[in-house]
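Everything below concerns the one structure shown next.
Residue numbers (UniProt numbering): 1 to 224.
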């Protein structure tokens, strides 16, 4: 203990720092401790006071001095900060494990009449129609998102939707049924995390087919 501490203060600190918690004083014990209840003699207190009142700086100037000191410390910290790191690619700023990966695992080309139907790796179903509208059925098999010609999104269910969507909902169900019964999924099974349910589901933006290959571009930037 520092020699400047009184004996009562040292004793109280030692009690409070006991290794075993059960040996430490309670709040009530601390309030009743000699250090807390000790009354300083008036004569001793009076003798400790200075004979002449000290010259105290005005509050305003003291506050300004503190602000100047703080400003100086801030300037010093800013001057010694480490150089900023420049990432070669924006992808380096994001943990790959935190970004869910979606890909098209099934598709059927029926653009000679209606459009192209597809299934994502999470078992969501979508159709890109020839009129450039899109419809998605989420993997809960209930929720439906419709994107009109202007790119505006509308949210419905397979049972409740406006009458103008009846034909496209029917086509969505036909694509869904056909792919389920006749097509095998490509790629490995998707290992989606629980938080991925909150991620915005991508739609098929555009696609290109040649004699030997087919490529897809999803609205989240994925190229397959």
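For glycine and all other residues, C-beta sits at the position ideal for the given N, C-alpha and C. Treat the numbers as computed from the prediction; the structure is a model and nothing was measured.
- In the same chain as residue 176, and ignoring 5 residues on each side of it, the C-beta atoms closer than 6 Å to its own belong to 125, in chain order.
- Counting only residues of its own chain and dropping the five nearest sequence neighbours on each side, residue 183 has a CB closer than 6 Å to the CB of 106.
- Residue environment for residue 151: exposed (fewer than 16 other C-beta atoms within 10 angstroms of its C-beta).
- Contact annotation: residue 222 and residue 205 have beta-carbon atoms that are not nearer than 7 Å.
- By the Cβ neighbour-count rule, residue 127 is buried, with 16 or more other Cβ atoms within 10 Å of its own.
- Residue 116 and residue 134 have their C-alpha atoms some 10 Å from each other.
- The residues 144, 169, in chain order, have a CB closer than 7 Å to that of residue 161 in the same chain once the five nearest residues on each side in sequence are set aside.
- For the options 166, 118, 172, the alpha carbon positioned closest to that of residue 215 is the one of 118.
- For residue 13, the uninterrupted alpha helix (DSSP H) segment begins and ends at 7-16.
- When DSSP reads this structure, residue 114 sits in no beta bridge, so it has no partner.
- With a threshold of 16 other beta carbon atoms within 10 Å, residue 203 meets it and is buried.
- As the crow flies, the alpha-carbon of residue 153 is around 26 Å from that of residue 178.
- Under the DSSP assignment, residue 216 falls in the beta strand (DSSP E) whose first and last residues are 214-218.
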